[in-house]
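Per the working numbering, residue -7 is the first one in the sequence shown, and the count goes up by one each step. Virtual Cβ for every residue (Gly too), placed ideally from N, Cα, C. Remarks on the structure that follows.
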Amino acid sequence: MGLDAEYLRVEVPAENLASAIPLLQQGGFQGWNCTLPHKTSMFSLVDRVDPTAADAKSVNTVRVEKGRLHGFSTDALGWRAAIDEAWKMDLEKSRILILGCGGVGQTLARYLAQTGCRSLLLVNRDLGKAKRLAQELQSTIPGRASPRVIEWDSKELDQALQETDLLIQGTSLGLKKDDPLPMDPAKLARGGRLYDTVYRKESTSLVQAARKHGYQAEDGLGMLLHQGALSFSIWTGQKAPLEKMREALLLAAGRNP
Ligand SMILES: NC(=O)c1ccc[n+]([C@@H]2O[C@H](COP(=O)([O-])OP(=O)(O)OC[C@H]3O[C@@H](n4cnc5c(N)ncnc54)[C@H](OP(=O)(O)O)[C@@H]3O)[C@@H](O)[C@H]2O)c1
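Structure below.
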């Protein structure tokens, strides 16, 4: 696109984030993405937050504006674009279950509670985390899809999976090849779809297992692509070259572009 810019990777230990920010600015960075474990801390370190970041309570994209930091979150809209591209499903009419209420699970739950869905179930290994999230959503977004909490690995969960149109896998299980599956995909209702937010070079074991059982399943590569494209537009003010980015991403993942 003729832009005189580079996108580099910088590793910053969690405890050094605040002191790294002035160095990034002195180094001439016009903006950055940040990922695990920095998104929540970055939220409190920027000067101003966009509504996307305020809704997510997290920042994954920063634009430097005359020395001040403007924080955005492209995770939810990137996820939505990936879902629309994969399935064109009507989320407002869908029964959705989120497995994992860490950073990404919380962001997507807040998004779905705002935009609406037929029902929203929250499941997390640490039950208290899921309960706190449900409480927050009930009090901040009254009237919208009242979320319900279900215990991890329970009979109630097996039943709920039979009444789920879309399962969002938001735990970090699957990042490592030998991780156990976060759930048994065969327990999903026939016709249920599975979106695993985790991505690796090859499809995650959960996506592979779900497809083997005949389910439509996608991994988090599409979400990564679309949240990156949204970040690109935030920094440059230009439409992202989505197909070029997709091609580069698939090539880097060793998949057929
Ligand atoms: N595709 C994308 O663009 C994209 C964007 C963001 C994130 N992600 C993916 O989302 C994943 C989670 O990120 P995050 O920011 O939400 O991380 P996080 O805040 O650290 O949350 C981790 C989640 O995984 C659960 N978990 C971890 N180990 C577990 C285990 N052994 N058994 C059951 N649950 C376990 C945690 O449950 P507890 O609360 O019980 O510990 C928590 O719900 C990442 O691995 C990343 O791949 C993808």
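1) So if DSSP puts F224 in a beta bridge, which residue, or which two residues, is it bridged to?
2) How do the region 191 to 201 and the region 163 to 176 stand: do at least 3 beta-carbon pairs fall below 8 Å, yes or no?
3) Quick one: any contact between the region 96 to 105 and the region 229 to 236, if contact means 3 or more CB pairs under 8 Å?
4) Does the Cβ-Cβ distance between F133 and A178 come in under 7 Å?
5) Who are the Cβ neighbours of C109 in its own chain at under 7 Å, not counting the five residues just before and after it?
6) Consider the C-beta atom of G183 and the heavy atoms of ligand 1; say whether any pair is separated by less than 6 Å.
7) Under a Cβ-count criterion, where at least 16 other Cβ atoms within 10 Å of its own Cβ denotes burial, should G246 be classed as buried or exposed?
8) Could you say if the region 67 to 76 and the region 44 to 51 meet the contact criterion of at least three C-beta pairs nearer than 8 Å?
9) Does P174 pass the burial test, meaning 16 or more other C-beta atoms within 10 Å, or should it be called exposed?
10) Please report how far the alpha carbon of Q130 lies from the alpha carbon of A101, in whole angstroms.
11) According to DSSP, Q130 sits in a beta bridge with which residue or residues?
12) If the criterion is Cβ atoms closer than 7 Å, does the pair L91 and Q151 meet it?
13) Given this structure, state the Cα-to-Cα distance separating R55 from N116, to the nearest angstrom.
Let's see:
1) Position 232 of the sequence shown, counted from the start, is the residue given in the question as residue 224. BP columns for F224 are empty, so no partner.
2) yes
3) no
4) Reading the sequence shown from its first residue, position 141 is the one you call residue 133. Reading the sequence shown from its first residue, position 186 is the one you call residue 178. Per the sequence shown, residue 133 should be read as Ile rather than Phe. Contact flag unset, no.
5) To locate residue 109, count along the sequence shown from 1; it is residue 117. So the list reads L83, E84, S86, I88 and A137, once near-sequence residues are dropped.
6) The sequence position of residue 183 within the sequence shown is 191, counting from 1. No, the Cβ of G183 stays beyond 6 Å of every heavy atom of ligand 1.
7) Here residue 246 is taken as the residue at index 254 of the sequence shown, counted from 1. Result: exposed.
8) yes
9) In the sequence shown, residue 174 corresponds to position 182, counting from 1. So P174 ends up on the buried side.
10) Against the sequence shown, residue 130 aligns to sequence position 138. Against the sequence shown, residue 101 aligns to sequence position 109. Going from the Cα of Q130 to the Cα of A101 covers about 11 Å.
11) Position 138 of the sequence shown holds residue 130. In DSSP, Q130 forms no bridge with anything.
12) Translated into positions along the sequence shown, residue 91 becomes position 99. Translated into positions along the sequence shown, residue 151 becomes position 159. No, Cβ-Cβ distance for L91 and Q151 is not below 7 Å.
13) By one-based count along the sequence shown, residue 55 stands at place 63. By one-based count along the sequence shown, residue 116 stands at place 124. One C-alpha to the other measures close to 33 Å.
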